[in-house]
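Asker: Using numbering that gives the first Met the number 0, read the sequence shown as starting at 0 and increasing by one per residue.
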Amino acid sequence: MAEQTHDYDVLVIGAGPGGYVAAIRAAQLGLKVACAESREALGGTCLNVGCIPSKALLHGSEMYAEAHKGVLAQFGVRFENVSLDLSAMMEEKAATVKGLTGGIEMLFRKNKVTWLKGHAAFQDAHTVTIGEQTVTAKDVVIATGSSVTPLPGVEVDNEAGVVVDSTGALMLSRVPQRLVVIGGGVIGLELGSVWQRLDAEVIVVEFLDQLLPGMDGEVRKEAAKLFKKQGLDLRLSTKVTGVSVADGRATLTLEPSAGGESEPLEADCVLVAIGRRPNTQGLNLEAIGLEPNKHGQIETDREFRTSVDSVWAIGDVIPGPMLAHKAEDEGIAVAENIAGETGIVNHAVIPSVVYTMPEIAGVGLTEEAARKDGREIKVGKFPMLANSRAKTNRETTGFVKVIADAQTDRVLGVWMINSLAGTMIAQAAQAMEFGATSEDIAYTCHAHPTQSEALKEAAMAVQGKPIHI
Ligand code: FAD
Ligand code: NAI
0 MAEQTHDYDV LVIGAGPGGY VAAIRAAQLG LKVACAESRE ALGGTCLNVG CIPSKALLHG
60 SEMYAEAHKG VLAQFGVRFE NVSLDLSAMM EEKAATVKGL TGGIEMLFRK NKVTWLKGHA
120 AFQDAHTVTI GEQTVTAKDV VIATGSSVTP LPGVEVDNEA GVVVDSTGAL MLSRVPQRLV
180 VIGGGVIGLE LGSVWQRLDA EVIVVEFLDQ LLPGMDGEVR KEAAKLFKKQ GLDLRLSTKV
240 TGVSVADGRA TLTLEPSAGG ESEPLEADCV LVAIGRRPNT QGLNLEAIGL EPNKHGQIET
300 DREFRTSVDS VWAIGDVIPG PMLAHKAEDE GIAVAENIAG ETGIVNHAVI PSVVYTMPEI
360 AGVGLTEEAA RKDGREIKVG KFPMLANSRA KTNRETTGFV KVIADAQTDR VLGVWMINSL
420 AGTMIAQAAQ AMEFGATSED IAYTCHAHPT QSEALKEAAM AVQGKPIHI
């Protein structure tokens with residue numbers, strides 16, 4: 000029950016996967032909870048303009064590509080006149096988003112979480128204005144998430160559809176002839192893949208000499224090889240120094256990252272995907288004396304307390320990977336901590352997945368990070384080409400890689416690139432959470448024939464004894 004002096008026990012600001020989960024868990028723990036959200040729908044970036052709509056388009060475009068140029072004919076499934084109905088694909092995406100965001104509203108009602116509609120700003124640490132109303136709460140959780148990082152000098156206009164960010168790239172009304180993606184990170188590759196599968200020519204301009212910063216080096220190399228083979232034109236070590244728009248077309252100026260001669264590049268659509276930055280503007284953090292760090296993030300301790308008493312923060316707005324499942328786990332932990340329980344998130348074991356085809360996934364240390372730590376490590380690798388199910392399905396690209404401590408055999412990291420990597424990585428994360436050795440994975444019975452046997456074999460390869468290669 001709310002203390003008499005406050006309207007609520009907990010006010011959560013932001014209803015993304017961090018905020019809505021924190022609100023529900025706090026309510027489950029018997030607290031009186033409100034959640035402020037300025038969007039028209041609950042679910043944050045993830046459900047409205049992120050994880051969910053992008054996966055709907057990835058799924059739809061993959062089915063189109065399969066029917067159009069995939070292996071179906073090889074399996075005797077023949078189509079005539081495969082064609083694309085882009086508006087139907089977009090409607091299906093919208094229906095999924097509506098269903099899921101509506102589902103959160105239902106969960107709020109079921110758990111008696113009050114949705115306060117509007118933009119929240121602090122008056123003091125216990126008093127927050129949301130639109131026209133002002134409420135008080137004993138504890139306040141900042142879960143305001145992140146927004147697209149702008150590229151200086153480049154103006155995004157999602158409605159016009161020529162220079163867009165991820166939100167615009169999820170709602171293009173036609174397939175561009177040529178799409179230039181600025182940034183070879185997760186968004187660039189996922190959304191670049193969507194439009195490439197739908198027959199756009201896609202050019203990815205990446206500042207660094209490799210795609211997917213932060214991922215394991217071998218996986219990054221393999222990914223580049225496979226994306227090139229799929230037809231993505233990768234311009235690595237290249238920067239965009241300007242974009243101008245005239246008559247519905249864009250002209251980009253490209254330059255080698257290290258400097259050098261510039262060249263123009265024409266496109267009918269440009270996607271800016273160079274990262275995201277925390278949302279702290281408009282929160283009036285000055286009123287509570289809370290200052291973001293130099294990256295604009297709100298720092299917290301391990302329990303998600305900020306430096307201001309009774310103000311907590313979780314999700315994309317705090318340091319760490321900007322991932323929905325990280326935000327969700329922090330949402331549960333912060334609510335438990337507020338309720339006097341012990342909420343913990345193991346930040347060393349947070350899987351990351353790129354939902355391209357093949358999928359790319361990893362958890363724990365990369366080989367480079369493990370070596371940089373000065374550790375002695377053993378690495379086991381197993382190619383999907385030697386996995387019977389992958390061979391049967393004609394999905395033989397990629398591999399699984401297990402990195403273990405040479406002394407203790409404890410698994411330090413698992414990286415993979417294959418058609419089911421996003422699902423398979425859960426097993427690796429769980430094994431690592433339980434402190435597994437590579438031997439533990441190698442001696443765990445895996446069902447046959449499944450792609451997950453490749454993880455078992457990669458673990459066996461750590462000891463130099465895989466069976467099928
Ligand atoms: P958010 O989801 O950003 O939610 C914050 C909410 O707070 C927003 O709804 C915002 O409107 C609201 N808000 C902000 N300020 C205020 C205020 N002052 N008052 C009231 N409300 C406010 N992650 C994955 O793990 N898997 C994926 O497949 C994936 N795909 C993605 C695809 C795209 C295209 C994008 C852009 C992101 C993707 N992400 C993915 C990242 C994921 O969306 C974020 O990590 C996640 O949404 C962060 O959750 P959050 O709760 O911290 O913040
Ligand atoms: P990102 O950080 O993944 O990639 C941005 C890329 O742009 C980097 O490779 C960077 O080197 C490059 N870059 C930066 N400035 C550049 C410039 N001027 N010119 C050319 N390249 C430049 O960021 P992205 O793809 O925008 O995604 C944002 C966040 O959203 C990520 O942190 C990710 O965690 C999250 N996300 C997660 C997904 C998932 O889990 N599957 C899917 C989509 C997004």
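Where a beta carbon is used, it is the ideal one built from N, C-alpha and C, also for glycine.
Rounded to whole angstroms, what's the CA-CA distance from Leu289 to Ala368? Just pull it up for me.
Answerer: 33 Å
Asker: Looking at Arg275 and ligand 2, is the gap between the Cβ and the nearest heavy atom below 7 Å?
Answerer: Arg275: yes, Cβ under 7 Å from ligand 2.
Asker: Checking 8 Å against the spacing of the C-beta atoms, do Phe398 and Ile468 come in under that value?
Answerer: no
Asker: Note down the Cα distance separating Ser37 from Ala142, rounded to an integer number of angstroms.
Answerer: Computed Cα separation, rounded: 12 Å.
Asker: Whether or not the stretch 297-313 and the stretch 221-236 are in contact is what I'm after, with contact meaning three or more pairs of Cβ atoms, one per stretch, closer than 8 Å; do they touch?
Answerer: The stretch 221-236 makes no contact with the stretch 297-313; the number of CB pairs closer than 8 Å stays below 3.
Asker: In the DSSP assignment, find the unbroken beta strand (DSSP E) run with Pro277 in it and report its ends.
Answerer: 275-277
Asker: Which of helix, strand or coil does DSSP assign to Arg393?
Answerer: coil
Asker: Can you give, in chain order, each stretch of the beta strand (DSSP E) that sits fully within the stretch 298-377 and has at least 3 residues?
Answerer: Counting whole runs of 3 or more residues, the stretch 298-377 contains the beta strand (DSSP E) stretches 310-312, 351-353, 358-363.
Asker: Compare the Cα-Cα distances from Thr355 to each of Gly184, Asp156, Lys92 and report the closest residue.
Answerer: Gly184
Asker: Looking only at its chain, what residues have a beta carbon closer than 7 Å to the beta carbon of His67, apart from the 5 residues adjacent to it on each side?
Answerer: Val81
Asker: Helix, strand or coil: which one does DSSP assign to Phe78?
Answerer: coil
Asker: Would you report the Cα separation of Pro277 and Ser165, rounded to the nearest angstrom?
Answerer: Near 16 Å, if we compare the C-alpha coordinates of Ser165 and Pro277.
Asker: Please look up how many angstroms separate the CB atoms of Gly330 and Ala21, rounded, as I've assumed it's under 8 Å.
Answerer: 4 Å
Asker: In whole angstroms, what separates the C-alpha of Ile273 from that of Asp208?
Answerer: 15 Å
Asker: Does the beta-carbon distance from Phe206 to Lys238 come in below 8 Å?
Answerer: yes
Asker: Rounding to the nearest angstrom, what Cα-Cα distance links Val410 and Ala435 in this structure?
Answerer: Looking at the two C-alpha atoms, the distance is approximately 6 Å.
Asker: Ignore the nearest five residues each way along the sequence and tell me which others in Ile129's own chain have a CB closer than 6 Å to its CB.
Answerer: Ala35, Leu115, Gly117, Ala119
Asker: Per the DSSP calculation, Val153 is bridged to which residue(s)?
Answerer: Val153 pairs with nothing; no bridge assigned.
Asker: Can you name, in chain order, every residue of its own chain whose Cβ lies under 6 Å from the Cβ of Ser437, other than the five neighbours on each side?
Answerer: Val401, Ala403, Asp408, Val410, Ala458, Val461
Asker: Sorted by chain position, which residues of the same chain lie with C-beta nearer than 6 Å to Val112's C-beta, five sequence neighbours on each side aside?
Answerer: Ala22, Ala26, Val32, Cys34
Asker: Could you check where the alpha helix (DSSP H) with Leu411 kicks off and where it finishes?
Answerer: It is not in any alpha helix (DSSP H) - Leu411 instead sits in the beta strand (DSSP E) that spans 410-417.
Asker: When DSSP builds the beta bridges, which residues end up paired with Tyr63?
Answerer: Bridge partners of Tyr63: none, in fact.
Asker: Assuming Arg388 and Pro465 form a contact by the criterion Cβ under 8 Å, report the distance between their Cβ atoms to the nearest whole angstrom.
Answerer: Contact doesn't hold; Cβ gap of about 16 Å is too wide.
Asker: Of the residues Lys371, Phe303, Lys377, which one's Cα is nearest the Cα of Ala338?
Answerer: Of the listed residues, the one whose Cα sits closest to Ala338 is Phe303.
Asker: Mind checking whether the beta-carbon of Met321 lies closer than 7 Å to any heavy atom of ligand 1?
Answerer: yes
Asker: What does the Cβ neighbour count give for His471, buried or exposed, with the cut at 16 atoms within 10 Å?
Answerer: Because the chain here runs from 0 to 468, residue 471 falls outside it and cannot be looked at.
Asker: Any idea what DSSP makes of Asp123, helix, strand or coil?
Answerer: strand
Asker: Can you tell me whether Asp272 sits near ligand 2, meaning its C-beta is under 7 Å from at least one heavy atom of the ligand?
Answerer: Sequence check: residue 272 is Ala here, not Asp. Yes - ligand 2 has a heavy atom lying nearer than 7 Å to the Cβ of Ala272.
Asker: Closer than 7 Å to a non-hydrogen atom of ligand 2 - does that hold for the CB of Leu231?
Answerer: no
Asker: So does Ser86 have its beta carbon nearer than 7 Å to some heavy atom of ligand 2?
Answerer: no
Asker: Is the stretch 370-385 touching the stretch 314-333 in the sense that three or more CB pairs, one from each, lie closer than 8 Å?
Answerer: no
Asker: Taking 8 Å as the cut-off, does the stretch 259-266 touch the stretch 279-287 (at least 3 CB pairs, one atom from each stretch)?
Answerer: no
Asker: My understanding is that Asp43 touches Gly144, with C-beta atoms under 8 Å, so please give their C-beta distance in whole angstroms.
Answerer: Note on residue identity: the sequence assigns Gly, not Asp, to residue 43. The pair is a contact, with the Cβ atoms about 6 Å apart (cut-off 8 Å).
Asker: Is Val410 close to ligand 2? I mean its beta-carbon at under 7 Å from any heavy atom of the ligand.
Answerer: no
Asker: Less than 7 Å between the CB of Tyr19 and some heavy atom of ligand 2, yes or no?
Answerer: no
Asker: Secondary structure at Cys34, three-state DSSP: helix, strand or coil?
Answerer: strand
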